[in-house]
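First comes the structure, then the notes that go with it.
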Amino acid sequence: MVVVQDIAGVRDLCSAARADGKRVAVVPTMGALHEGHLVLVDRARSKGQFVVVTIFVNPTQFGPGEDLSRYPRDLEGDVAKLEQRGVDLVFTPNVGDMYPNGHATTVHVSGLTEHLCGAQRPSHFDGVALIVAKLLNIVGPSTAVFGRKDYQQLRVIRRMVRDLDMPIEVLGVPTVRDADGLAKSSRNAYLGPKERERALAISRGLTAAHYAFGSGERRVDELLGAVEAFVKVSADAIDYVTAADPETLEPLPRHAICSERLLLAVAARFAGTRLIDNTVIGEDSPPLARESRR
Ligand code: PAF
Numbered sequence: 543m544v545v546v547q548d549i550a551g552v553r554d555l556c557s558a559a560r561a562d563g564k565r566v567a568v569v570p571t572m573g574a575l576h577e578g579h580l581v582l583v584d585r586a587r588s589k590g591q592f593v594v595v596t597i598f599v600n601p602t603q604f605g606p607g608e609d610l611s612r613y614p615r616d617l618e619g620d621v622a623k624l625e626q627r628g629v630d631l632v633f634t635p636n637v638g639d640m641y642p643n644g645h646a647t648t649v650h651v652s653g654l655t656e657h658l659c660g661a662q663r664p665s666h667f668d669g670v671a672l673i674v675a676k677l678l679n680i681v682g683p684s685t686a687v688f689g690r691k692d693y694q695q696l697r698v699i700r701r702m703v704r705d706l707d708m709p710i711e712v713l714g715v716p717t718v719r720d721a722d723g724l725a726k727s728s729r730n731a732y733l734g735p736k737e738r739e740r741a742l743a744i745s746r747g748l749t750a751a752h753y754a755f756g757s758g759e760r761r762v763d764e765l766l767g768a769v770e771a772f773v774k775v776s777a778d779a780i781d782y783v784t785a786a787d788p789e790t791l792e793p794l795p796r797h798a799i800c801s802e803r804l805l806l807a808v809a810a811r812f813a814g815t816r817l818i819d820n821t822v823i824g825e826d827s828p829p830l831a832r833e834s835r836r
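The opening position of the sequence shown corresponds to residue 543 in the working numbering, with each subsequent residue numbered one higher.
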C-alpha cells in the first residue's frame with residue numbers, strides 16, 4: 543500500500559493501474575476510520591482490482607461554528623487499518639492543493655439538497671459535491687462507494703455523477719451498526735457513555751417504525767410518531783425527524799399515507815454531538831432485529 547499526498551502522484555498511479563487493465567474503485571472518507579468505512583473498502587475490493595481510499599477533512603462542507611477544528615483525526619491509525627484491509631493507495635491531500643488560492647468553482651445539486659440536512663446546513667452539500675467531484679476527477683474510478691447512513695449525500699452524489707456524465711458506478715452500502723443498533727460514525731467518538739446510551743433512541747425509534755409498518759401501518763403521522771416517541775425523550779435537541787420520498791427526498795405531510803417505500807430520517811443532538819440516521823422502510827432491514835422498548 544502506498545500513501546500519497548500529491549495530486550499528480552495519485553493520477554499517475556491510477557492511470558498506471560487502468561493501463562494494467564485494473565478497475566479502480568474508490569472510497570472517499572474524512573478519516574477517523576471505523577468498521578463502517580472498512581466495510582465500504584471491502585465492497586470496493588469486490589468491484590475493483592485497485593482500491594483507493596481518500597482521507598481529507600473537507601473544510602468547505604463544514605459551516606461556521608461546526609466541528610471542523612475538532613473533527614477526529616488519526617492518520618496513523620487509519621493507514622494501519624487500511625493496510626490490513628489490503629488497500630492499494632491512500633490519498634491524503636492537503637487543503638492548499640485541493641483548494642488553491644483563487645479557486646472559484648462551485649458544484650450545486652439543486653432540489654435534493656434543500657431538504658433534511660440541507661435545510662439546516664445550507665452550504666454543506668455544495669462542499670460535499672465539490673470535493674467529491676474533484677476526488678473522482680483525480681482518481682478516475684469505475685466505482686465509488688459510499689455509506690447509506692449519509693443517505694442524502696448518497697443521493698446528491700448519484701445525481702451529480704449522472705448530471706455531469708461521469709462514467710462511474712456509485713454504490714451505496716447499508717449502514718453498519720454496533721450490536722446495540724447505534725449507527726457507526728466518526729462522530730460517535732464525541733459521545734460519553736451516557737450520551738451514547740441516550741443516542742440508542744434513534745435506532746430504536748426507527749426500528750419501532752419498521753415494526754409498525756410491518757403490521758400494516760401506512761399513516762405517516764403514526765410512523766413518525768413511533769420514531770419521535772423514542773427520540774423526543776432522549777435527545778437534547780432534534781434537528782428533524784422526517785418522512786420523505788426516498789427518491790426526491792421531498793418531505794411527506796403528516797396526514798399522508800405512505801406507499802411501499804418510505805424514507806425515515808433523523809438528525810438529533812446529544813450533548814452537542816449531532817448524529818444522523820435513517821432507514822428506508824419497505825427496503826432496508828430494521829436497524830435492530832427485535833423491537834426494544836427500553
Ligand atoms: O461522507 C464523508 O465522509 C464525506 O462527506 C465525503 C464523502 C468523504 C466528502 O468529504
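Cβ atoms here follow ideal geometry from the backbone N, Cα and C, with glycine treated the same way.
Everything numeric in this text was worked out from a predicted model, so none of it was measured.
Not one heavy atom of the ligand PAF sits closer than 7 Å to the Cβ of residue 634.
Between the alpha carbons of residue 827 and residue 574 lies a distance of about 27 Å.
Remark: fewer than three beta-carbon pairs, one from each stretch, lie closer than 8 Å, so the segment 608 to 617 and the segment 674 to 685 are not flagged as touching. The Cβ neighbour count for residue 596, taken over all protein chains shown within 10 Å, is at least 16; the residue is labelled buried.
Contact check for residue 780 against residue 806 fails: the beta carbons are separated by 8 Å or more. About 14 Å separates the beta carbon of residue 671 from that of residue 645, a gap too long to meet the 8 Å contact definition.
Boundaries of the beta strand (DSSP E) around residue 711: 711 to 715. Per DSSP, the unbroken beta strand (DSSP E) holding residue 820 starts and ends at 815 to 823.
Each residue's CA atom was taken as its position, placing residue 785 and residue 584 some 31 Å apart. Within its own chain, the residues whose Cβ lies closer than 7 Å to the Cβ of residue 719, once the five positions on either side in sequence are excluded, are 725, 726, 745, 829, listed in chain order.
Burial state of residue 695 is buried, judged by a 10 Å Cβ sphere holding 16 or more other Cβ atoms. Within 7 Å of the C-beta of residue 710 there is not a single heavy atom belonging to the ligand PAF.
Taken through DSSP and simplified to helix, strand or coil, residue 614 comes out as coil.
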